[in-house]
Amino acid sequence: MNSNKVFNLADVSPHNNNKDCWVIINARVYDVTKFLNDHPGGDNVLLDVAGKDASDEFEEVGHGSAARLMLDEYYVGEIDHVEVEPLYDISKNMAPKYNRNAKKQQTITKEEKGLGINFTLKFILLVVSTTILGVAIGFLLYK
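Below, the structure is given as structure tokens:
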């Protein structure tokens, strides 16, 4: 990995097609041309952000550690930090580094919403079924 090469947005933007496809993810530049055919989401996903900063799209999809490690294979350099600030720290823990959009940090993830709804529904079902069972037993005993 050559970390001495620094690009600006003008350097990256011409690499925007299926023969030459570069993307910026968290202030790092990647040549993903050879990965286009292998991308699980299809090549159009990468071509839509070719020559651009794809940090938000990369993070929104929720790529795991395997995808993050795979990036090393396609690394070509850094982007000028004045132009683009990384959304996430490029370290092993991938902790948030910069607050690009405070609203994103306040939103509840689908998993968090799901846990709350699932708990509430299960609790209601428990109360209703217990009540029905109690009424049925009471009816049988006093009949």
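Sequential numbering of the sequence shown, starting at 7, is according to our numbering.
No residue lacks a Cβ here, since even glycine has one placed at the ideal position from N, Cα and C.
As assigned by DSSP and simplified to three states, the class of residue i
i, result
"GLY47", "coil"
"TYR148", "coil"
"GLY140", "helix"
"VAL55", "coil"
Residue burial classification, residue i (beta-carbon count within 10 angstroms, cutoff 16)
i, result
"GLY153", "Since the displayed the chain opens at 7 and closes at 149, residue 153 lies outside it and no answer follows."
"PHE13", "buried"
"ILE138", "exposed"
"GLU66", "exposed"
"LEU52", "buried"
"VAL134", "exposed"
"ILE130", "exposed"
"ILE143", "exposed"
Reference residue i, options the options, closest by Cα
i, options, result
"GLY57", "GLY68, ALA73, THR39 and LEU127", "THR39"
"ARG34", "ASN23, VAL141, GLU79 and GLY68", "GLU79"
"ARG74", "PHE64, VAL82 and GLY83", "PHE64"
"TYR36", "GLY140, ALA60 and ASN43", "ALA60"
"ASN24", "ALA16, ASN10, VAL18 and LEU42", "LEU42"
"ASN32", "LEU132, HIS21 and HIS69", "HIS69"
"VAL82", "THR136, VAL29, ASP54 and SER71", "VAL29"
Where the alpha helix (DSSP H) through residue i begins and ends
i, result
"VAL38", "Note, VAL38: premise wrong, no alpha helix (DSSP H); not H, not E."
"GLU84", "It is not in any alpha helix (DSSP H) - GLU84 instead sits in the beta strand (DSSP E) that spans 81-85."
"SER19", "From DSSP, SER19 is part of no alpha helix (DSSP H); its letter is neither H nor E."
"LEU42", "Unbroken run through LEU42: none, as it is neither H nor E."
"ALA73", "71-77"
Beta strand (DSSP E) segment containing residue i, residue limits
i, result
"ASP26", "26-31"
Residues near residue i by beta carbon distance below 7 Å, same chain, minus five either side
i, result
"HIS45", "VAL51 and LEU52"
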